[in-house]
Amino acid sequence: MSTADRRRIRRRILSWVPITVVAVICAGFVVAANVMQDSWWSAPEPTAAADQHSAKGMSVFTGTGIDYLTRDGYMKVELRDASESARSLGLDSDGSRTFEPIVPINAIMLGADGVIDLDLVRSVTVVSEDDRVAAVELLTDNDGAWTAAYAEVADVTSEWGFTPDDLDALRDDLTARSRSADGMPYRAALAEREYHGARVSAEIAVDPAVSQVTARFVVKPL
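Numbering (the numbering used here), first residue to last: 7 to 228.
What follows is the structure, given as structure tokens:
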């Protein structure tokens, strides 16, 4: 069936919807809008409540904390010797927590010697060990071609101190793996290095069967 045929069928179906049903739907939108007006989500500049950030202003990974950082658009994690305990951030002493904000966010990690940041993050995993944050794993979306993911990784990691030779080796590795994958998933990575008082690395994973390409960035304390 062609796209035009599907559109004609959809228009025919929609023409059968009674006007009363449309009225009910519209009324539902009005009620939802009124509810949202009373929600802090609709505030132009939300202010974090006591349970939505840590004592040092870092993100917490409880339900309310994730709600706030999603609305604010920024996740902040300290990866220094004096950082707060994992439990004070809503994490287990040993474990991991993954969340996917409803809209992409900016991730800010505070290393011992500076700030590491990444925007348009669509999935976050925070790993904890011995009641400390041990790693922050960040995923971004791409358009289904590893070349697009490579361009993003190259742009980000060149600022993190990876050299043109490092990036050329990553591209060559991806090219070789894509030719031999035979439709199976494959991946290639940049080795870990130090940047701004933290350890950083990146990986590109490709699943040809579902046209999925993921760029994964990992930041760890020293």
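From the three backbone atoms N, C-alpha and C, an ideal C-beta is built for every residue, glycine too.
Residue closest to residue i, alpha-carbon to alpha-carbon, out of the options
i      : options                       : result
Phe105 : Val121, Phe67, Arg138         : Phe67
Phe223 : Ala155, Arg93, Asp149, Arg183 : Ala155
Glu90  : Asn112, Gly63, Ser129, Ile114 : Gly63
Val109 : Ser102, Arg103, Ser129, Leu97 : Ser129
Thr70  : Ile122, Ile114, Ala56         : Ala56
Arg77  : Ser65, Leu85, Arg86           : Ser65
Arg205 : Asp73, Ala88, Gly117, Arg103  : Gly117
Residue i, buried or exposed, once every other Cβ within 10 Å from all chains shown has been counted against 16
i      : result
Leu95  : buried
Ser217 : exposed
Val30  : Because Val30 sits at a pLDDT of 44, beneath the cut-off of 50, its placement in the model cannot be relied upon, and the point is left open.
Met190 : exposed
Val121 : exposed
Gly79  : exposed
Ser186 : exposed
Ala151 : exposed
Ala208 : buried
Glu198 : exposed
Val37  : Low per-residue confidence applies at Val37: pLDDT is 43, beneath 50, and the placement is therefore not dependable, though the value from the model is reported in the following sentence. Result: exposed.
Paired residues, beta bridge with residue i - DSSP
i      : result
Ile72  : According to DSSP, Ile72 bridges with nothing at all.
Phe223 : Leu144, Ala208
Ile108 : Paired residues: none, contrary to the question.
Tyr80  : Asn112
Gly117 : Gly120
Glu4   : Residue 4 cannot be examined here, being either before or after the span of the chain that is shown, 7 to 228.
Alpha-carbon spacing of residue i relative to residue j, whole angstroms
i      : j      : result
Val132 : Asp213 : 24 Å
Leu75  : Met81  : 6 Å
Ala54  : Pro170 : 41 Å
Ala92  : Val139 : 6 Å
Asp136 : Leu126 : 30 Å
Val162 : Asp87  : 25 Å
Asp119 : Gly167 : 14 Å
Val83  : Asp179 : 32 Å
Check: residue i C-beta below 7 Å from any heavy atom of the ligand MG
i      : result
Ile114 : This structure does not include the ligand MG; it has no bound ligands of any sort.
Residue-level contact to chain D via CB, residue i, 8 Å cutoff
i      : result
Gly101 : The structure shown contains no chain D; it holds only a single protein chain.
Inter-residue CB distance, residue i and residue j (contact presumed, cutoff 8 Å)
i      : j      : result
Asn148 : Val219 : 4 Å
Asp230 : Leu144 : The chain is shown from 7 up to 228; residue 230 falls before or after that span and cannot be answered.
Val225 : Leu97  : Not a contact, Cβ separation roughly 16 Å.
Ile210 : Val142 : About 18 Å; that fails the 8 Å criterion.
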